[in-house]
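First residue of the sequence shown: 4, per the working numbering; consecutive thereafter.
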Amino acid sequence: MAEPIILAIPKGRILVETLPLLAAVGVVPEAAFSDESSRALRFATNRPDIGLIRVRAFDVATFVAHGAAQLGIVGSDVLDEFDYSELYAPVDLNIGHCRLSVAEPAELAEGDDPREWSHVRVATKYPNLTARHFAARGVQAECVKLNGAMEIAPVLGLSSRIVDLVSSGSTLKANGLVEVEVITQVSARLIVNRAAFKTRAAEIVPLVEAFRRTVAAKTGVRAA
């Protein structure tokens, strides 16, 4: 029997929205998968030919790009940051909606116009995406890489601005920051390792089509 297809699922904000989607395509994880206190990383499903791993969102793309997992679910922000040529993203899952934005202290924003920037120092988890965005505008960006706690960077003088995911904006507000520019809208995508898509097409293509049909049924629009 062939090794199971491994589907990489991100921890955090997308996970809750992913579970109903998995169920709709006929993949039901073992009970431990939904247990936040579980230290396990690999999980069985109701299908012996499909297993799951639960990893950090940024690691989903890496596992799939290098073939350790054949499919994954990850935000378009992660895809844009890493830009792996080994990844194919056939379906926009229409979940995990948020935006990647530039934010700065409210008092700075009062007299600030992003269109006049020539140089910015930014704390972000997305240095590549951020640098590309500002370069396209002719702005020199000095990116300070952080993996979290972005909102305190301006308060402590690490940077004057941040680039981070924004949903409701409540975290920014709680830290005295305001959103001043949207870089890109974000949603979760189904991703596939390109090599596996060719070598294990008989197993992977039906899964991709099941996700596509599920999204279409949910939205009334055929998934891209």
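Each residue gets a CB set at the ideal place from its N, CA and C atoms; glycine is no exception.
Nearest-angstrom Cα separation, counted from E20 out to A35
17 Å
Whose C-beta lies closer than 6 Å to the C-beta of G179 among residues of the same chain, with five residues either side of it excluded?
P108, A109
Using only alpha-carbon positions, find the residue among R59, F66, L25 that is nearest to Y87.
F66
DSSP on N49, reduced to helix/strand/coil?
coil
What are the boundary residues of the beta strand (DSSP E) that I98 is part of?
Taken as a continuous stretch (DSSP letters only), I98 belongs to no beta strand (DSSP E), as it is neither H nor E.
According to DSSP, is N196 part of a helix, a strand, or is it coil?
strand
Just reading off the beta strand (DSSP E) that P13 is part of, what are its end residues?
8–13
Close beta carbons around E206, own chain, < 6 Å, minus the five adjacent residues each side:
I8
Element boundaries [alpha helix (DSSP H), containing R16]:
16–27
Tell me the DSSP secondary structure of A5 in three-state form.
coil
Write down the C-beta distance between V77 and P13 rounded to the nearest angstrom, noting that I regard them as a contact closer than 8 Å.
6 Å
C-beta atoms of L103 and A191 nearer than 9 Å:
no
Check whether the stretch 200–220 and the stretch 157–175 are in contact - that is, three or more C-beta pairs closer than 8 Å.
no
Got a sec? Which residues, its chain only, sit under 6 Å from M1 by beta carbon, not counting five neighbours each side?
Residue numbering for the chain in the displayed model covers 4 to 227; residue 1 lies beyond these limits and cannot be assessed.
Buried or exposed: which applies to E84, given that a residue is buried once 16 or more other Cβ atoms fall within 10 Å of its Cβ?
buried
How long is the line joining the alpha carbons of D116 and E182, rounded to whole angstroms?
12 Å
Pull up the distance between the alpha-carbon of P32 and that of F137, whole angstroms please.
41 Å
To the nearest angstrom, how far is it from the Cα of Q73 to the Cα of L22?
18 Å
Sequence-distant residues of its chain with Cβ nearer than 8 Å to V142 (five each side left out)
W120, S121, H122, V123
Would DSSP call R216 helix, strand or coil?
helix
Leaving out five residues before and five after H100 in sequence, what residues of the same chain have Cβ atoms less than 6 Å from its Cβ?
S190
Which ranges does the beta strand (DSSP E) cover as unbroken runs of at least 3 residues, wholly within the stretch 40–92, from first to last along the chain?
53–58, 74–78
Below 8 Å on the Cβ atoms is my guess for V81 versus V94; work out the distance and round it to an integer in Å.
With a Cβ gap of about 15 Å, V81 and V94 do not count as contacting.
Spell out the partners DSSP gives H136 in its beta bridges.
Answer is none; H136 lacks a bridge partner.
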